[in-house]
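A short worksheet on the structure shown next.
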Amino acid sequence: MKVEIIGAGAIGLMFGAALSAAGEEVRFWTHTTEQAEELSREGIRLIMEDGQEVFTPADRYQVECSIHIDKPNGLNPSADWILVTTKQRHMNERLYSHLQALRGQGTDIICFQNGVGHIERLSEALGGQIVLAALTTEGARREGNLTVYRAGRGQTNLGFSGIHPGTEQLKTKAENLASRLSIAGFPSVLSNDIDREIYRKLLINAAINPLTALWRIRNGDLLASGERRALLAELIEETLEIYKQYGIAYDADIKDQVTRVCRSTANNMSSMLKDVLAGQVTEVDSINGHLVRMARQKELKVPALEMVWRLVSSMTTRPEEEQRL
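First residue of the sequence shown? That's 15 in the numbering used here, and the numbers climb one at a time after it.
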């Protein structure tokens, strides 16, 4: 199986290294030439949750910097899959152009981003191509350009989001991808209801991530006081009211699920907190901001969601905003 991976962050490197080690043909596309050069020389170190190191030598995969994607350098697109493992903030026209250049006649695309809306936008940009969604509870953090720490084993669900149910041929192909990911060490299945799971994860992220970013605490610390638990509950309640207005299904025990996630990932640092500490633009606009926009369409008041959206958004500055200063 030939796989292109756009985004050599923690998730991209972790999945790519494991697929390479399992014998799949993998090519990484990095954001910087520096990382591409290091990966082409040094290989990838994957540190498992028990401390065991799995090393993937550089001759097991290919790597290029994404600045070369659009150049006529004989790419010969023939991949079975393109895994898009960038952050939401990189889902833009430049990425769409990269995907246009990389995809071949039989290439399918699957996205690993948090939030909602990006699958539909990407599908439209690619002329209506069906784009799959991937939701993973795998935890990972990257250290430097070459090392990834796996925080714990999770579950990865693949599926068809929105108005595209997928063909039987594509479903079979997606089931094969799930099987290859499982063989590589990442338990994966093709979900029959990925949208429900997307909105479940959206609620969990909208409640946990902005609070950890604002207070600069780990997930488990959200349960450390009554005041923290109260604001966490308020964010959940407002999100559920939005879901009711839109007829979005959710589990009866979703509130307990959020608490369980806080406890089971107690020592984890949310991706939003990592971005804030690194001075990078967060995904809060595609998570809490998206929920606020949904609420406005129904003339709902969601003060807690709007407050954390504005507060986290103001903690970093987008490049286009810097240019206006």
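Using N, Cα and C, we set each Cβ at its ideal position, and we do this for glycine too.
All figures in this text were calculated on a predicted structure; none of them were measured in a lab.
Suppose you measure from the CA of residue i to the CA of residue j; what does that come to, to the nearest Å?
i: V275; j: V298; result: 19 Å
i: S307; j: G131; result: Going by the sequence as given, residue 307 is Arg instead of Ser. Cα-Cα distance, rounded: 12 Å.
i: A165; j: T279; result: 9 Å
i: E52; j: F69; result: 14 Å
i: N106; j: T100; result: 11 Å
i: T121; j: M329; result: 39 Å
i: E157; j: R135; result: 31 Å
i: V17; j: R167; result: 22 Å
i: L254; j: D289; result: 26 Å
i: A198; j: I25; result: 14 Å
i: A238; j: G30; result: 37 Å
i: K187; j: W229; result: 43 Å
i: E320; j: N128; result: 18 Å
i: S327; j: N281; result: 24 Å
i: R243; j: R324; result: 20 Å
i: E241; j: P71; result: 49 Å
i: F200; j: R277; result: 22 Å
i: T47; j: H82; result: 10 Å
i: S175; j: L236; result: 31 Å
i: C125; j: S202; result: 14 Å
i: G37; j: D64; result: 24 Å
i: L246; j: L225; result: 8 Å
i: G1; j: E251; result: Lying outside 15 to 339, the shown extent of the chain, residue 1 is not represented and no answer is given.
i: Q183; j: D270; result: 38 Å
i: T296; j: S196; result: 30 Å
i: I144; j: N223; result: 29 Å
i: H104; j: V98; result: 10 Å
i: G142; j: A266; result: 35 Å
i: N190; j: I133; result: 21 Å
i: V316; j: Y163; result: 37 Å
Buried or exposed: where does residue i fall if 16 or more other Cβ atoms within 10 Å of its Cβ makes it buried?
i: S300; result: buried
i: Q169; result: exposed
i: E152; result: buried
i: L291; result: exposed
i: A148; result: buried
i: E334; result: The predicted position of E334 is uncertain, since its pLDDT is 48 and thus under 50; a value taken from the coordinates is nonetheless stated next. Exposed.
i: P86; result: For P86, the predicted model reports a pLDDT of 49, less than 50, meaning its position is unreliable and no value from the coordinates is stated.
i: Q102; result: buried
i: A22; result: buried
i: R214; result: buried
i: K10; result: For the chain, the structure presents residues 15 to 339; residue 10 sits outside this window and is missing.
i: R338; result: Residue placement at R338 is poorly supported in this model, since its pLDDT is 34, which falls under 50; the coordinates still yield a value, given next. Exposed, since its Cβ has fewer than 16 Cβ neighbours within 10 Å.
i: A32; result: buried
i: A227; result: buried
i: E336; result: With a pLDDT of 39 at E336, under the threshold of 50, the modelled position of this residue cannot be trusted; read the value that follows with caution. E336 comes out exposed.
i: T150; result: buried
i: E67; result: exposed
i: A35; result: buried
i: S111; result: exposed
i: N206; result: exposed
i: T181; result: exposed
i: S137; result: buried
Which partner residues does residue i have in the DSSP bridge list?
i: N282; result: DSSP, once it has assigned bridges, lists no residue as partnering N282.
i: V203; result: N171
i: T161; result: R59 and E157
i: W43; result: I20 and E78
i: C125; result: V98 and A147
i: T70; result: I58
i: G166; result: G153
Taking 8 Å as the cut-off, decide whether the C-beta atoms of residue i and residue j are in contact.
i: N302; j: V272; result: no
i: I96; j: L116; result: yes
i: N159; j: Q49; result: yes
i: K185; j: L204; result: yes
i: T370; j: R55; result: No statement about residue 370 is possible, as the shown extent of the chain runs from 15 to 339 and does not include it.
i: R232; j: M283; result: yes
i: S92; j: G57; result: no
i: S80; j: I20; result: yes
i: A192; j: M28; result: no
i: R194; j: M62; result: no
i: L172; j: L146; result: yes
i: L249; j: A318; result: yes
i: I268; j: L305; result: no
(message) Quick test of the definition: if touching needs 3 or more C-beta pairs under 8 Å, does the region 38–49 touch the region 68–85?
(response) Below 8 Å, enough C-beta pairs join the region 38–49 and the region 68–85 to call them touching: three or more.
(message) For the pair the region 257–272 and the region 204–213, tell me if three or more CB-CB distances fall below 8 Å.
(response) The region 257–272, when compared against the region 204–213, does touch it at the 8 Å Cβ threshold.
(message) Between the region 217–224 and the region 307–318, can you find at least three pairs of beta-carbon atoms closer than 8 Å?
(response) With the rule of 3 Cβ pairs closer than 8 Å, the region 307–318 does not count as touching the region 217–224.
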